[in-house]
Amino acid sequence: MSFEEHDQKALLYQPPPSSTQAAIPVVYVDGNQAAARVNNHPYANHGNGNAGANGMTRNLSSASSPGGQENNPNVRRSSSGVLRSRYADHPNCDVCGLAFDVTKRRHQCRACGRFICGNCSPLLLLVPEGEQIEGAKGYDPSIPQRACLHCAPRLRPLQEALVAQHAKANAETAPHEARSRLHVPFSPTLEKECTNAADIIGNFFRRDSGSSGDRSIPIGMLEKAHGLAIMTIVKVGFLLVGKVGTGIVVSRLPDGSWSAPSAIGTVGLGGGFEIGGEIVEVVIILGSPAAVQVFHSPQVNLGAGLDIAVGPYGRSATAAAAVSSSGLNGNYSYSISKGLYAGISLQGSVIATRNDLNRKFYGQDLEASALLSGSVGQPIAAKPLYEGLDHAMRGIQEHKEVLAEMSRMMGPCSNCNCQVFVAHAHQVWNKKCKTCNHVH
Numbered sequence: 001m002s003f004e005e006h007d008q009k010a011l012l013y014q015p016p017p018s019s020t021q022a023a024i025p026v027v028y029v030d031g032n033q034a035a036a037r038v039n040n041h042p043y044a045n046h047g048n049g050n051a052g053a054n055g056m057t058r059n060l061s062s063a064s065s066p067g068g069q070e071n072n073p074n075v076r077r078s079s080s081g082v083l084r085s086r087y088a089d090h091p092n093c094d095v096c097g098l099a100f101d102v103t104k105r106r107h108q109c110r111a112c113g114r115f116i117c118g119n120c121s122p123l124l125l126l127v128p129e130g131e132q133i134e135g136a137k138g139y140d141p142s143i144p145q146r147a148c149l150h151c152a153p154r155l156r157p158l159q160e161a162l163v164a165q166h167a168k169a170n171a172e173t174a175p176h177e178a179r180s181r182l183h184v185p186f187s188p189t190l191e192k193e194c195t196n197a198a199d200i201i202g203n204f205f206r207r208d209s210g211s212s213g214d215r216s217i218p219i220g221m222l223e224k225a226h227g228l229a230i231m232t233i234v235k236v237g238f239l240l241v242g243k244v245g246t247g248i249v250v251s252r253l254p255d256g257s258w259s260a261p262s263a264i265g266t267v268g269l270g271g272g273f274e275i276g277g278e279i280v281e282v283v284i285i286l287g288s289p290a291a292v293q294v295f296h297s298p299q300v301n302l303g304a305g306l307d308i309a310v311g312p313y314g315r316s317a318t319a320a321a322a323v324s325s326s327g328l329n330g331n332y333s334y335s336i337s338k339g340l341y342a343g344i345s346l347q348g349s350v351i352a353t354r355n356d357l358n359r360k361f362y363g364q365d366l367e368a369s370a371l372l373s374g375s376v377g378q379p380i381a382a383k384p385l386y387e388g389l390d391h392a393m394r395g396i397q398e399h400k401e402v403l404a405e406m407s408r409m410m411g412p413c414s415n416c417n418c419q420v421f422v423a424h425a426h427q428v429w430n431k432k433c434k435t436c437n438h439v440h
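Just so you know, we're using UniProt numbering here: the sequence shown kicks off at 1 and counts up by one.
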C-alpha cells in the first residue's frame, strides 16, 4: 500500500469502539465527509485548490456524460501513449479525477460500476447477490469485491450477515479420509490447503507406527508444540536449487485447542550438488509462543527471524522434548519425500502470509495475528484439518495408556519399598523404574 493510500485509509476509517471483533474491523464515516476528504487529497486538486465536494460532484456528472472526461478541465490526462490507448474509454477516476497509468491502475466498483483508483477503494467488501453490476468480472458472493467510497458506507452494515451466510469458512465439507497423496505445491483455496495438511499429518503420525514405538515425529514433540506450520514444497534445480511451496500455520491455544488456520507460502534458493527435483512434505514444530508470534508478521525469514533446525529422531528427539515441561528448546522441521524422510534445508527461505487466500476463505480481511491468537473460531470448512490433529493427539494418549499398563504389570520393586513402577516417558528404551532406578 502506498503512502497516499495509507493516509487516505487512515482518514476514512477508525477502529470500532467495541472490543468484540466485527466482520470487518473498520467503521466508515459519513459519505459526504468521505467525498469532501477525497477532494482535499492532493490527487483531487488538479489546478483548483478550492475544489470540494461540489467539485467532485461536477467531475462525476461530467464523467458520466458522453465525452465528459475529455471536456473536463479538472481531470488529469495520462501521458503514456500505450496506457492512453488501453484506458481511452475511461482514462480518469470517477471519484477523484486521477489519471490512470502504470502505477495507478483502473478498477471498477462491483456495486455501482464506477471506474476508480486504488485510493478511492481501499477496502474489499462482500456485495449481496443480485446487487452486483451486470457482467461483473470474477464476482462471487463469498469473496470480497472492489467497492468505491460511495458504495462502501451502504455495504458496511451488511458485512457481518453476509460473512455468516456466504463465507467459505462456514460451509460444510465432504468427509475426508487422510491418506498418502501426491500434492501439488500450490493450492488456490484454503479449503484445499486444509485437506492437504490433514493428509500430511496422517503421513507423519500413523497409528500403524505403534503408539509405544518411535514415530516419524516423536510424540513428545507434538505434545509440547505451541504451533505447526505444514507445507508442500517443490525443490528443483541444477547446482542452484529453488524451493517454492504453500501450506498453513496453526497455533495451540491456552485451552489446548487449535486456532483457525492461516494460509502461508514459501520461496527460497539454495546451493548444492543436486540435479532434478522432488516434492517434499514439511512440518515445522514451533516450540514456543515466541515462535508462533513470529508468524503474526506478514513475512518470516527463516534463519534470521526464526531459527529452525532439522528435527531429531530417536534418543536425541526424546532428550530434546524432555528439556522443558512447557515447551521445546527450539523449532524443528521434519520432511518426507516419496515415503523417505528427507533433510530439506529451509534456512534462507521466506514464509509469507497469503492474504488473498485468507480473504477468500473467511470473506473478510483478517490479520494472521487474529487467526492465530484465537480471536476467530475454528472454521467449519477446516474440519478435515482438526480431525487429523485430533487423530494424532489420540496417539499421545494411547502412549500414556501403554505406560500405565506397563506400571501395573511390573508390580512392586523386589529390591526396595517402591510399590509402583514408573516408566520413563521420554527414555522409552530405559527399563528401570524412574522412581527407584531399579528393574522391578
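In this text, a Cβ means the ideal position worked out from N, Cα and C, and glycines have one as well.
So for residue i, helix, strand or coil by DSSP?
{"i": "A161", "result": "helix"}
{"i": "Y362", "result": "helix"}
{"i": "L372", "result": "helix"}
{"i": "K192", "result": "helix"}
{"i": "S64", "result": "Unreliable placement is indicated for S64, whose pLDDT of 43 sits below 50; no coordinate value is reported for it."}
{"i": "V422", "result": "coil"}
{"i": "H226", "result": "coil"}
{"i": "I233", "result": "strand"}
{"i": "S85", "result": "helix"}
{"i": "A404", "result": "helix"}
{"i": "N59", "result": "Legend: pLDDT at N59 = 43, less than 50; position of this residue unreliable, value from coordinates given subsequently. The answer is helix: DSSP assigns N59 an H, G or I state."}
{"i": "V439", "result": "coil"}
{"i": "H107", "result": "strand"}
{"i": "A99", "result": "strand"}
{"i": "A291", "result": "helix"}
{"i": "A309", "result": "strand"}
Got a sec? Which residues, its chain only, sit under 8 Å from residue i by beta carbon, not counting five neighbours each side?
{"i": "V350", "result": "T266, V267, G268, Q299, V300, N301, L302"}
{"i": "L182", "result": "I279"}
{"i": "S345", "result": "G270, V310"}
{"i": "G377", "result": "A260"}
{"i": "A10", "result": "Low per-residue confidence applies at A10: pLDDT is 42, beneath 50, and the placement is therefore not dependable, though the value from the model is reported in the following sentence. Counting only Cβ-Cβ distances below 8 Å, and skipping sequence neighbours, we find nothing."}
Within 10 Å of its beta-carbon, does residue i have 16 or more other beta-carbons around it, so buried, or fewer, so exposed?
{"i": "S414", "result": "exposed"}
{"i": "H150", "result": "buried"}
{"i": "H226", "result": "buried"}
{"i": "N119", "result": "buried"}
{"i": "N92", "result": "buried"}
{"i": "V241", "result": "buried"}
{"i": "A111", "result": "buried"}
{"i": "K243", "result": "buried"}
{"i": "M221", "result": "buried"}
{"i": "I275", "result": "exposed"}
{"i": "F238", "result": "exposed"}
{"i": "C148", "result": "buried"}
{"i": "V282", "result": "buried"}
I'd like to confirm the pairing. Which residues does DSSP put opposite residue i in its beta bridges?
{"i": "Y334", "result": "V283"}
{"i": "H90", "result": "Bridge partners of H90: none, in fact."}
{"i": "E278", "result": "K235"}
{"i": "R181", "result": "BP columns for R181 are empty, so no partner."}
{"i": "G118", "result": "Answer is none; G118 lacks a bridge partner."}
{"i": "G247", "result": "M231, I264"}
{"i": "R394", "result": "Answer is none; R394 lacks a bridge partner."}
{"i": "V300", "result": "I351"}
{"i": "V241", "result": "G237, G270"}
{"i": "R146", "result": "L124"}
{"i": "R252", "result": "W258"}
Do you know whose CA, among the options, lies nearest residue i's CA?
{"i": "Y334", "options": "P122, N119, A229", "result": "A229"}
{"i": "G388", "options": "P289, E193, T353", "result": "E193"}
{"i": "C217", "options": "P289, V310, L125", "result": "Looking at the sequence shown, residue 217 is not Cys but Ile. Out of P289, V310, L125, V310 has the C-alpha closest to the C-alpha of I217."}
{"i": "C109", "options": "Y139, D101, A99", "result": "Y139"}
{"i": "L162", "options": "N119, V294, E129", "result": "E129"}
{"i": "S180", "options": "A164, K168, M409, I200", "result": "I200"}
{"i": "N358", "options": "G97, P144, V127", "result": "P144"}
{"i": "D307", "options": "S297, N329, I264", "result": "N329"}
{"i": "H296", "options": "Q165, S85, N355, A404", "result": "N355"}
{"i": "R156", "options": "A136, K383, A178, L126", "result": "L126"}
{"i": "Y332", "options": "A291, A370, K431, E367", "result": "A291"}
{"i": "E223", "options": "G237, F205, L123, A99", "result": "F205"}
{"i": "T103", "options": "T173, C96, C117, G97", "result": "C117"}
{"i": "V249", "options": "G135, E367, M409", "result": "E367"}
{"i": "G245", "options": "H176, K137, F186", "result": "F186"}
{"i": "S337", "options": "S121, Q159, I233", "result": "I233"}
{"i": "P175", "options": "D255, I380, L190", "result": "I380"}
{"i": "I219", "options": "V420, A352, H391, K434", "result": "H391"}
{"i": "K235", "options": "G277, P122, P254, Q165", "result": "G277"}
{"i": "Y362", "options": "R86, E191, M231, A99", "result": "E191"}
For residue i, which residues in the same chain have their Cβ closer than 7 Å to its Cβ, ignoring the five residues on either side in sequence?
{"i": "V385", "result": "As written in the sequence, residue 385 is Leu, which differs from the Val given in the question. Closer than 7 Å at Cβ, skipping near neighbours: C194, A197, A198, P261."}
{"i": "R252", "result": "A225, H226, G227, W258"}
{"i": "K432", "result": "H438, V439"}
Please work out which residues of its chain come closer than 6 Å, Cβ to Cβ, to residue i, disregarding the five sequence neighbours upstream and downstream, and give them in chain order.
{"i": "F115", "result": "H90, D94, R106, Q108"}
{"i": "N437", "result": "none"}
{"i": "G113", "result": "I133"}
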